[in-house]
Amino acid sequence: MVNPFQYGSVVSGDAFCNRTEELRDLRRSCDNAEKLFVYSERRLGKTSLVRSVLRELPQKKFVAVYVDLWPTDSENSFATTTARAISLALASTPKQVLDTARKMFRQLVPSVSVGEDGTPTVSFGTVTPRRPEIELEEVLEAPAVIAAQGRRRVVVVFDEIQRVLEYESDLTERKLRSVTQHQPDVCYLFLGSRKHLIQKMFLDKSRPLYRSAGHYPLGPIAEQHWAGFITKRFEAGGKSVAAEAIHQVYRLTEGHPFYTQLLCHVLWELTEPGAEARADRIETALRIVLDRESHAYTMLWESLTGNQRRFLRGLASEPRGVKPFSSEFTRRYGLRSASNAQRASENLVERDLVDPENGSFVIVDRFFRLWILEQHRG
Ligand SMILES: Nc1ncnc2c1ncn2[C@@H]1O[C@H](COP(=O)(O)OP(=O)(O)O)[C@@H](O)[C@H]1O
Ligand SMILES: [Mg+2]
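Under this note's numbering, the first residue of the sequence shown carries the number 4, and numbering increases by one thereafter.
Here is the structure:
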């Protein structure tokens, strides 16, 4: 029996919990050809959610283009990666893919190969001398051209959009703004997992994409939805789970999808076939998870300065939403001044260890938080 709790990659179907409202919201954005930033911490379920939205779009009315920008590092790789996603969204046989790519992208030189399973893949070289501006324009105009030709709405998803901040210049951002704002039939969903960078992209006046798109922060999944989901998953696998155990899981993970799946995965392993997972097993499940990570957490901890550790310990110990620059906080955790706390928080944000949230911060890795608490217990 395979473990019904999956973590690490995109989940769909039975492995996908709730998000009914979000699915509906994003579907509406597709219908209305909105431009939207969808952002959250890492592993909160953006990719899984948006891929579900795309999967359910009726093919007669929509062309869905999903672009993973994670492997890109330059304007050029942005252009070729996007061109590739567009070509593959439009055609299915190798010949079609090649024809489409040739017709659509004059600045790029496509070549098609066929994988072992018979599906075509396409890659692009560039013509020389390169003209990055024209290259980008051509690629970004393509969705509008497709929409006009086929009378279909086009939905383009740029996943890991914060990558563009690492390119040599802000050309991509500028082009994204100038080209996409004249595309009334194309929906753009920009997905990003470094919350503070994404917010900077659309809230900072000096950035090209400032206010160019709406924003849609994605949150954790509520306890009531997890309760139904976890119960069903246990039952489908011939085991059961106590309501109190689910409550404990939720308390520890705060409804964060990745950590909830991870903890349930271990809880499932600990439960005999046909038996019930009880709340008194949660400690053990957590122990196993923390032991697995303990080496990495120790290394991480040792790489931090004294003030950064004090800051994290304070955050881990206090209720969510605590004001870490208050004199009470800095006194209690030995930070001595608000500016020390400020500096520590800036570094931790930069390293993606904490995320700003409503004047406070969240430790991104929920289990790192629990590990910190454990280290300082007693
Ligand atoms: N709706 C969901 N239901 C159940 N598990 C989910 C859901 N969304 C995300 N997860 C869990 O979180 C993990 C990370 O999801 P992913 O979509 O890759 O997040 P992100 O794109 O935000 O980094 C998945 O592997 C899965 O374990
Ligand atoms: Mg993702």
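Note that CB positions come from ideal geometry on N, CA and C, so glycine has one too.
Ligand 2 and residue i: does the residue's C-beta get closer than 7 Å to at least one heavy atom of that ligand?
| i | result |
| --- | --- |
| S15 | no |
| D162 | yes |
| S196 | yes |
With respect to 7 Å, is the separation between the Cβ of residue i and the closest non-hydrogen atom of ligand 1 below this value?
| i | result |
| --- | --- |
| T50 | yes |
| Y10 | yes |
| S348 | no |
| L47 | yes |
| Q264 | yes |
| A225 | no |
| F19 | yes |
| P260 | yes |
| R58 | no |
| S330 | no |
| R166 | no |
| R295 | no |
| S43 | yes |
| R27 | no |
| R369 | no |
| R30 | no |
| R254 | no |
| R22 | yes |
Could you tell me which residues DSSP puts in a beta bridge with residue i?
| i | result |
| --- | --- |
| H218 | F40 |
| R156 | F65 |
| C190 | V158 |
| A280 | V244 |
| T175 | According to DSSP, T175 bridges with nothing at all. |
| F332 | Answer is none; F332 lacks a bridge partner. |
| F364 | P359 |
| G195 | Y42 |
Assuming the contact rule is C-beta atoms closer than 8 Å, residue i and residue j should be a hit. Round their C-beta distance to whole Å, please.
| i | j | result |
| --- | --- | --- |
| L293 | E163 | Actually they do not touch by this definition, with Cβ atoms about 28 Å apart. |
| V160 | L212 | Rounded, the Cβ-Cβ distance is 16 Å, inconsistent with contact. |
| L273 | V252 | Going by Cβ atoms, the distance from L273 to V252 rounds to 12 Å, so no, they are not a contact pair. |
| H218 | F40 | 5 Å |
| V182 | E140 | 6 Å |
| P276 | K242 | 7 Å |
| V70 | L29 | V70 to L29, Cβ: 16 Å. No contact. |
| I224 | G195 | The pair is not a contact, with the Cβ atoms about 19 Å apart (cut-off 8 Å). |
| Q110 | T129 | 7 Å |
Taking CB distances under 8 Å as the criterion, tell me whether residue i reaches chain D.
| i | result |
| --- | --- |
| A86 | Absence of chain D from the displayed structure is noted, only one protein chain being present. |
Q.
Taking 8 Å as the cut-off, does the region 130 to 147 touch the region 67 to 79 (at least 3 CB pairs, one atom from each stretch)?
A. A contact exists between the region 67 to 79 and the region 130 to 147.
(Q) So, does the region 191 to 205 touch the region 226 to 237, judging by three or more C-beta pairs under 8 Å? (A) Touching, no, given that fewer than three Cβ pairs across the two stretches are closer than 8 Å.
Q) Can you list the beta strand (DSSP E) stretches of 3 or more residues lying completely in the region 48 to 134, in chain order? A) As far as the region 48 to 134 is concerned, its whole beta strand (DSSP E) runs of at least 3 residues are 65 to 71, 111 to 117, 123 to 129.
Q. So, do the region 309 to 329 and the region 339 to 354 have three or more beta carbon pairs nearer to each other than 8 Å?
A. In short, these stretches touch, since the Cβ pair count reaches three.
Q. Do the region 49 to 64 and the region 17 to 28 meet, that is, are 3 or more Cβ pairs less than 8 Å apart?
A. Cβ pair count under 8 Å is three or more, so yes.
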